[in-house]
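> Got a structure for you, questions after.
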Amino acid sequence: MSSTESTERKTTRTIEKVVMSFMYLIFGVMLLAVTLGGEPAALFVVLPIAIFSIGLTKWGIKWQNDRYIRSAKNVDAIEVLSVEVRELKKRIENLEEK
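Printed below as a string of structure tokens:
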């Protein structure tokens, strides 16, 4: 049985991999273009921007993914409690009938 948490964890990991691969590709191409462009001073602009952007994006994605996973975990817990409440209702109804 697949829980909401495990499904959400797989989805968020996939999204994180896709987004970070795209970021690495973009900044890799930018750094390559600057290097091949013959303007080494531009590396002092592009490199810090790349480091900051990639780091901030990675942190933001992880933070958001953790929120999604916590929410999914809460949904799973609510479903378990709902089942227990239904069972208690049935037991109460059976006791009231006696």
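Residue numbers (my numbering): 153 to 250.
We treat Cβ as the ideally placed atom computed from N, Cα and C, and that holds for glycine.
#1: Is the stretch 180 to 187 touching the stretch 157 to 164 in the sense that three or more CB pairs, one from each, lie closer than 8 Å?
#2: Would you tell me roughly how many angstroms separate the C-alpha atoms of K169 and E157, rounded to the nearest one?
#3: State the start and end residues of the unbroken alpha helix (DSSP H) segment that holds S234.
#4: If you count every other CB in all the chains shown that lies within 10 Å of the CB of A229, and 16 or more means buried, which is it?
#5: Helix or strand or just coil, what does DSSP make of G190?
#6: Here's a check: name, in chain order, each residue in its chain whose Cβ is nearer than 7 Å to the Cβ of D218, leaving out the five neighbours to either side.
#7: Could you compute how far the alpha carbon of L199 sits from the alpha carbon of I206?
#8: Is the beta carbon of M172 closer than 8 Å to that of K214?
To lay it out plainly:
#1: no
#2: 18 Å
#3: L195 to E249
#4: exposed
#5: coil
#6: none
#7: 11 Å
#8: no
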